[in-house]
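Novice: Below you will find the structure I want to go over with you.
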Amino acid sequence: MGEYTHSIDAKKRLSLPSKWRTELGKKLIVTRGLDNCLFVYPQKEWNRISDKIGQLPFGQADTRGFNRFFLSGAVEVEVDSVGRILVPDFLKEFASLTSKVVFAGIHDRVEIWDEKKWTDYKRKIEKQADALAEKLGEIGVL
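Letter by letter, the sequence shown follows residues 188 to 329 of this note's numbering.
Quick look at the structure:
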């Protein structure tokens, strides 16, 4: 949980929020996420999700498309001794990461956003919060 803003250093590394480092572990999976951000998973959670995705019927075009989008972009990264990760350029380009990024803790994953895109997205979703809560109430979540 939480939201943290960090800078990309001169060697293109991202420093993970110190609060999350122990829980996330030393090896993480980074992949293309939805809404043009990156998804970051601890190894155990990634294994669970990729196993579920692997059970989807590959005969369906939507399944194949999502598999290609989500799984082909996945890379394992190691957290260095001071809590930094090196994200491949193709993933940085996908998420338009330049100098400032936001780490957002979202349930079973961390999302990495370009700071401006996160601000714009958050502003948009905050305007919809009441309507979203209403929908969740209708299905018994809230």
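Ideal placement from N, C-alpha and C gives every residue a C-beta, glycine not left out.
Quick caveat, the model's predicted, so the values are computed rather than measured.
Nearest to G189 by CA position, among K303, F290 and K311, is which residue?
Specialist: On the sequence shown, position 2 is the one that residue 189 refers to. Ranking the options by Cα distance to G189, first place goes to F290.
Novice: Quick one: what's V274 bridged to in DSSP?
Specialist: Position 87 of the sequence shown, counting from 1, holds the residue named residue 274. Answer is none; V274 lacks a bridge partner.
Novice: Comparing alpha-carbon positions, which option in G252, N254, R271 and A282 lies nearest K214?
Specialist: Working through the sequence shown from its first residue, we reach residue 214 at position 27. The candidate whose alpha carbon is nearest that of K214 is R271.
Novice: Check for me: the beta strand (DSSP E) holding I293 runs from which residue to which?
Specialist: Stepping through the sequence shown from its first residue, residue 293 is reached at position 106. Residues K287 to I293.
Novice: Please report how far the alpha carbon of R409 lies from the alpha carbon of F245, in whole angstroms.
Specialist: Residue 409 is absent from the structure shown; the chain starts at 188 and stops at 329.
Novice: For K199, which three-state DSSP category applies?
Specialist: On the sequence shown, position 12 is the one that residue 199 refers to. Coil at K199, not helix or strand.
Novice: State the start and end residues of the unbroken beta strand (DSSP E) segment that holds D267.
Specialist: Position 80 of the sequence shown holds residue 267. Per DSSP, D267 belongs to no beta strand (DSSP E) and is neither H nor E.
Novice: Quick one: residues in its chain with C-beta nearer than 6 Å to the C-beta of G292, no 5 flanking neighbours on either side, listed in chain order?
Specialist: To locate residue 292, count along the sequence shown from 1; it is residue 105. Excluding positions up to five away in sequence, the list reads M188 and G189.
Novice: Suppose only complete runs of 3+ residues qualify. What are the beta strand (DSSP E) ranges in the segment 220-268, listed by chain order?
Specialist: Whole beta strand (DSSP E) segments, 3+ residues: 225-229 and 262-265.
Novice: According to DSSP, is G189 part of a helix, a strand, or is it coil?
Specialist: In the sequence shown, counting from the first residue as 1, residue 189 sits at position 2. The answer is strand: DSSP assigns G189 an E or B state.
Novice: For the 8 Å Cβ check, are there 3 or more pairs between the segment 293-305 and the segment 220-238?
Specialist: yes
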